[in-house]
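44 is the number that UniProt numbering gives to position 44 of the sequence shown; each next residue is one higher, with no gaps.
We put the CB at the ideal spot given by N, CA and C, even for glycine.
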Amino acid sequence: LKEENDLVHESCTVLEQQLEQSQRKASTHLDTETKLSDCQDQLQTLKSDLTKV
């Protein structure tokens, strides 16, 4: 029973680490998408400014 408990604890630890890693990746992905959107907005503004000149 102790061995099973140790195995479950180890599995839980591994899964928690994988979850944390996935959350970091998701956060980075969202940050990148936000930056991309900001750049696209800025590009549209610059294009608009160019057509006014």
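Between the C-alpha atoms of Q18 and S27 there is a straight-line separation of about 14 Å. For L1, the secondary structure class from DSSP, reduced to helix, strand or coil, is coil.
Taking C-alpha positions only, D31 is separated from D38 by approximately 11 Å.
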